[in-house]
Every structure is written in C-alpha cells, then in structure tokens.
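*Asks:* Using my numbering, the letters of the sequence shown correspond one by one to residues 118 to 398. C-beta: ideal position from N, C-alpha, C; glycine also. One structure is given below, represented as structure tokens, and several questions about it will come after.
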Amino acid sequence: PMLQCFQDRIGPYPFPKDGFKLIEVPYSGMEHQSAVTYGNLFQNGYLARDWTGVDISTRFDFIIVHESTHEWFGNSITANDVSDAWIHEGFGTYLEGVYVECMWGYDDAITYLSGYRDKVGNREPIIGPTAVNHWPTGDQYFKGALFLNTLRHILDDDETWWVLLRDYTDEFKYGNIWTQDVINFFNGRLGRDFRPVFQQYLYYWNLPVLEVQPQGDEISFRWRADVRDFDMPVKVRVNGALHTIFPTAEWKSEPLGGIRPEEWQPATDLFYIAVERRDGP
Numbered sequence: 118p119m120l121q122c123f124q125d126r127i128g129p130y131p132f133p134k135d136g137f138k139l140i141e142v143p144y145s146g147m148e149h150q151s152a153v154t155y156g157n158l159f160q161n162g163y164l165a166r167d168w169t170g171v172d173i174s175t176r177f178d179f180i181i182v183h184e185s186t187h188e189w190f191g192n193s194i195t196a197n198d199v200s201d202a203w204i205h206e207g208f209g210t211y212l213e214g215v216y217v218e219c220m221w222g223y224d225d226a227i228t229y230l231s232g233y234r235d236k237v238g239n240r241e242p243i244i245g246p247t248a249v250n251h252w253p254t255g256d257q258y259f260k261g262a263l264f265l266n267t268l269r270h271i272l273d274d275d276e277t278w279w280v281l282l283r284d285y286t287d288e289f290k291y292g293n294i295w296t297q298d299v300i301n302f303f304n305g306r307l308g309r310d311f312r313p314v315f316q317q318y319l320y321y322w323n324l325p326v327l328e329v330q331p332q333g334d335e336i337s338f339r340w341r342a343d344v345r346d347f348d349m350p351v352k353v354r355v356n357g358a359l360h361t362i363f364p365t366a367e368w369k370s371e372p373l374g375g376i377r378p379e380e381w382q383p384a385t386d387l388f389y390i391a392v393e394r395r396d397g398p
C-alpha cells in the first residue's frame with residue numbers, strides 16, 4: 118500500500134530494475150538506493166514511540182515509510198550540495214503525510230503534519246552556506262514538510278498539486294539539482310511567482326507573521342516578513358467555513374459580519390505561520 122500510494126501521488130518507483138528491498142540492520146534505518154536498511158524493531162511508530170505525538174504515527178512503521186520516501190527524494194532527485202538537503206528530507210517528511218492521507222484521509226494527514234510544529238526550532242535558515250560540508254539544521258525535515266503543506270494550500274487546487282509533484286519527480290529524476298531549480302520549476306509550471314514564499318521559508322529562520330487587529334466592525338491584517346515583497350494568500354476560518362484573504366505588507370481590512378474578532382481564526386493547521394493579534398483602537 119505504501120508503494121502504491123507513492124506511485125499514485127508522486128510517480129513511478131524510480132528503480133524498478135533494481136527492485137525494492139529492506140535490509141535488517143542494528144540501527145534505526147537509512148535510505149540506500151533499492152536496499153533500504155531497517156532496524157525499527159518490527160514495531161509501529163519510531164522505535165516504538167509516537168513520533169509526532171498525535172496518535173497517528175503508531176498506526177504504521179515510521180522507518181519503512183520515511184526511508185522509502187528517499188527512493189524518490191534523495192536517491193532519484195539529489196541535491197547538488199548538502200546545504201540544499203531539504204530537497205531530500207523536507208520532501209521525504211512531507212511524504213509521510215501523503216502516506217497517512219492515502220491510508221486514513223486528509224484530516225488525519227493534516228493532524229499528522231501539524232504534530233511536527235513542536236519539532237521546529239526556527240533558529241537558523243533551512244538552507245545554509247554551500248561548499249563547506251554544512252549539514253543543515255533539523256528544521257530541513259519538519260519545517261520543510263510544513264512548508265510544502267503550506268504550498269499545497271496556497272495553490273488551493275489538489276488536482277494541480279498532485280500533477281505538479283508527479284511532473285517534478287519526472288523532470289528531475291536521476292539528477293542533481295539546487296533549490297533554485299525547484300523554485301524555477303514551480304514558477305514555470307504554475308505561471309506564478311512563488312519566489313518570495315520559498316525565500317521566506319528556506320533562506321530565513323523567522324516565520325512570516327500575520328498581524329491581526331480588530332477595527333470596530335472590521336478586522337485588519339498584514340504580513341510582517343523578512344522578504345520585502347512577501348504576499349502569501351492564507352485561509353481563515355469563520356464559523357467553521359474557510360475563506361481566503363490576500364495580505365501584503367500594507368494593512369487590509371474585511372468586515373467581521375457580526376462575529377467576534379476571536380472567532381476569525383487563521384488556519385494555522387494548513388499554513389505554517391505565526392499570528393500576532395493586537396488590541397483594537
């Protein structure tokens with residue numbers, strides 16, 4: 118079911134002539150091409166732990182799933198330099214959520230990925246200096262996955278999202294790439310400039326902050342970010358319904374429609390952002 122899920126969502130298994138094998142070892146595991154090493158004690162979770170703390174990782178063997186994601190991201194598509202290793206680990210960690218979605222549905226996948234928020238340090242950028250053997254911070258795994266989940270919801274078109282991922286794995290299979298290649302691919306296929314979003318999440322450690330302030334019967338909002346032209350759309354829940362707002366660095370407003378300001382809630386499970394609420398005038 119895992120291999121079927123990944124082939125359906127992100128494209129054919131990259132090494133059919135080599136086959137797929139699990140090799141038992143005395144450590145947790147590692148992503149070797151067509152021979153994934155495995156030492157997760159034949160138990161669900163990660164070494165029998167609830168890895169994301171939301172009672173979902175105990176439904177499956179974490180090491181089999183995570184290390185197998187690297188057949189696509191790491192073994193087939195490989196970063197030119199370890200500074201860009203999120204191309205392996207961010208995509209691989211995101212694929213854990215894709216597996217959960219295949220097996221148990223979208224809501225559980227969002228819950229599973231949201232469990233990674235507590236593992237993000239946000240103290241250094243995901244991408245560090247090149248050509249100096251700099252292995253990036255662990256945020257490349259968890260923040261990388263949350264960024265990709267955010268990107269999916271910015272796009273807000275699942276049919277296009279899954280086609281995009283399949284095209285991405287096909288475009289760069291058996292090759293070495295830089296993050297700039299990823300940005301160029303997304304921009305070219307979608308006809309939109311996602312550069313400010315990629316830059317904020319990958320090249321700066323700060324999360325974008327959505328500043329929110331009630332103004333009478335309206336609510337105002339704007340982005341505070343390191344990237345000057347950051348203008349990411351984001352969804353807001355009002356009485357259980359989602360709608361999209363389009364903040365920029367300048368204040369914008371929309372009517373509250375009779376609801377209390379605290380009932381106007383940015384969807385932080387779908388978008389990895391910080392929210393800063395200010396008191397009204």
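With 16 as the cutoff for other CB atoms within 10 Å, does Pro-253 come out buried or exposed?
*Replies:* With 16 or more Cβ atoms within 10 Å of its Cβ, Pro-253 is classed as buried.
*Asks:* Whether or not the region 281 to 294 and the region 225 to 234 are in contact is what I'm after, with contact meaning three or more pairs of Cβ atoms, one per stretch, closer than 8 Å; do they touch?
*Replies:* Result no; under three Cβ-Cβ pairs closer than 8 Å.
*Asks:* Please report the residue range of the alpha helix (DSSP H) in which Glu-184 lies.
*Replies:* Per DSSP, Glu-184 belongs to the alpha helix (DSSP H) from 179 to 186.
*Asks:* Does the beta-carbon distance from Val-351 to Pro-372 come in below 9 Å?
*Replies:* No, the Cβ-Cβ distance between Val-351 and Pro-372 is not below 9 Å.
*Asks:* Going straight from the alpha carbon of Gln-130 to that of Thr-286, what length do you get?
*Replies:* With the sequence shown as reference, residue 130 is identified as Tyr, and Gln is not the correct amino acid for it. Going by the C-alpha atoms only, they are around 10 Å apart.
*Asks:* Ignore the nearest five residues each way along the sequence and tell me which others in Thr-169's own chain have a CB closer than 7 Å to its CB.
*Replies:* The answer, listed in chain order, is Tyr-229, Gly-232, Tyr-233.
*Asks:* Take the Cβ of Ala-165 as the centre, count every other Cβ of all protein chains shown within 10 Å, and call the residue buried at 16 or more, exposed below.
*Replies:* Looking at its Cβ environment, which holds fewer than 16 other Cβ atoms inside 10 Å, Ala-165 is exposed.
*Asks:* Could you pull the start and end residues of the beta strand (DSSP E) that Trp-340 belongs to?
*Replies:* Looking at the DSSP string, the run of the beta strand (DSSP E) that includes Trp-340 is 335 to 341.
*Asks:* Using CA atoms only, rank isn't needed, just tell me which of Leu-327, Gln-332, Val-353, His-251 is closest to Arg-341.
*Replies:* The candidate whose alpha carbon is nearest that of Arg-341 is Leu-327.
*Asks:* Could you name each continuous alpha helix (DSSP H) segment of 4 residues or more that falls completely within the region 266 to 325, going from the start of the chain to the end?
*Replies:* Whole alpha helix (DSSP H) segments, 4+ residues: 275 to 289, 296 to 307, 312 to 320.
*Asks:* Rounded C-beta distance between Gly-261 and Trp-203? I'm assuming under 8 Å.
*Replies:* At roughly 4 Å, the Cβ-Cβ gap stays under 8 Å, so Gly-261 and Trp-203 are in contact.
*Asks:* Can you pull the DSSP bridge partners for Met-147?
*Replies:* Met-147 is bridged to Thr-154.
*Asks:* By Cβ distance below 7 Å, which residues in the same chain neighbour Asn-250 in space, the five residues on each side in sequence not counted?
*Replies:* Only Val-199 meet the Cβ criterion.
*Asks:* Does the beta-carbon of Leu-120 have 16 or more other beta-carbons within 10 angstroms, so that it is buried, or is it exposed?
*Replies:* That one is exposed.
*Asks:* Please go through the region 200 to 236 and give each complete alpha helix (DSSP H) segment of 4 or more residues, from N-terminal end onward.
*Replies:* If we require 4 residues or more, the alpha helix (DSSP H) runs fully inside the region 200 to 236 come out as 203 to 221, 223 to 231.
*Asks:* How would you label Ala-226, buried or exposed, when you count the other beta carbons within 10 angstroms and need 16 or more for buried?
*Replies:* Flag for Ala-226 reads buried.
*Asks:* To the nearest angstrom, how far is it from the Cα of Phe-403 to the Cα of Ile-376?
*Replies:* Because the chain here runs from 118 to 398, residue 403 falls outside it and cannot be looked at.
*Asks:* Tell me whether Lys-260 sits in a helix, a strand or coil according to DSSP, three-state version.
*Replies:* Of the three classes helix, strand and coil, the one that applies to Lys-260 here is helix, per DSSP.
*Asks:* Grouping DSSP H, G and I as helix and E and B as strand, with all else coil, what is Pro-383?
*Replies:* Of the three classes helix, strand and coil, the one that applies to Pro-383 here is strand, per DSSP.
*Asks:* What does the Cβ neighbour count give for Phe-259, buried or exposed, with the cut at 16 atoms within 10 Å?
*Replies:* Buried is the call here.
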